[in-house]
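Every number in my numbering is 15 more than the matching position in the sequence shown, counting from 1.
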Amino acid sequence: MIGEVTEYMMIGKGELHRIPDAVKVAPGLYVFRLPDAYRTDNPRRFRIGHHSGNSIADAMRREDAIRGAEIIAPLHDWRQDTNTIRAAFDRRAEHELYVKIGAADCIVPNSERCFHDVSNNGRYTDMDVEQAAIAAKEEGLSAFEVLYQMSHTVPWKGLDTNDFNEAHDRIVAAAGAE
16 MIGEVTEYMM IGKGELHRIP DAVKVAPGLY VFRLPDAYRT DNPRRFRIGH HSGNSIADAM
76 RREDAIRGAE IIAPLHDWRQ DTNTIRAAFD RRAEHELYVK IGAADCIVPN SERCFHDVSN
136 NGRYTDMDVE QAAIAAKEEG LSAFEVLYQM SHTVPWKGLD TNDFNEAHDR IVAAAGAE
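Okay, here's the thing in structure tokens:
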């Protein structure tokens, strides 16, 4: 059922990785968060996967991955097996798929790297808010400057809109920024 949270088995680095909370976005397409120990240098922690366990695209935010899956859903019958799908996508068709999915800020899986552990991207803790508020207060940042700074920092960029807004509001309040 579309929108259902289900278990998913991702193929990555030649191994199967159990994902307990994938969301079925369209027939044959799932969106999930990469396991914390998998590719810790990949800042795009949300993935669109095929029911076979193969990867289709990565996104910085869950919202973008869902929108990307919705964009590509009508392009093919994703319920088919991997070989059938690969046969249907020549280089040009694959390029067109990534151009279309790029509108949702989705990219080729594992094609972006950071030089530190970014596996926590898309999550934040009270400690993260506290540390950001201390830094904002020390630097005398305004609410707008906090917003700008957050939007350019990997751990915050991966938050969906509501989570980002909540974190921003908490940082601004704790820093006494206006």
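Glycine included, every Cβ here is placed at the ideal spot set by N, Cα and C.
Keep in mind it's a predicted model, so treat the numbers as computed, not measured.
{"Asked": "Write down the C-beta distance between D56 and F130 rounded to the nearest angstrom, noting that I regard them as a contact closer than 8 Å.", "Found": "7 Å"}
{"Asked": "Quick one, are the C-beta atoms of A151 and A108 less than 8 Å apart?", "Found": "no"}
{"Asked": "Would you call F159 buried or exposed, if buried means 16 or more other Cβ atoms sit within 10 Å of its Cβ?", "Found": "exposed"}
{"Asked": "Thinking C-alpha only, which one of Y113, L162, E19 and A52 is nearest G27?", "Found": "A52"}
{"Asked": "Whose C-beta lies closer than 6 Å to the C-beta of A72 among residues of the same chain, with five residues either side of it excluded?", "Found": "I63, G83, I116 and C121"}
{"Asked": "For the alpha helix (DSSP H) containing E145, list its first residue and its last residue.", "Found": "D141 to E154"}
{"Asked": "Is Y45 closer than 8 Å to H32 when the C-beta atoms are compared?", "Found": "no"}
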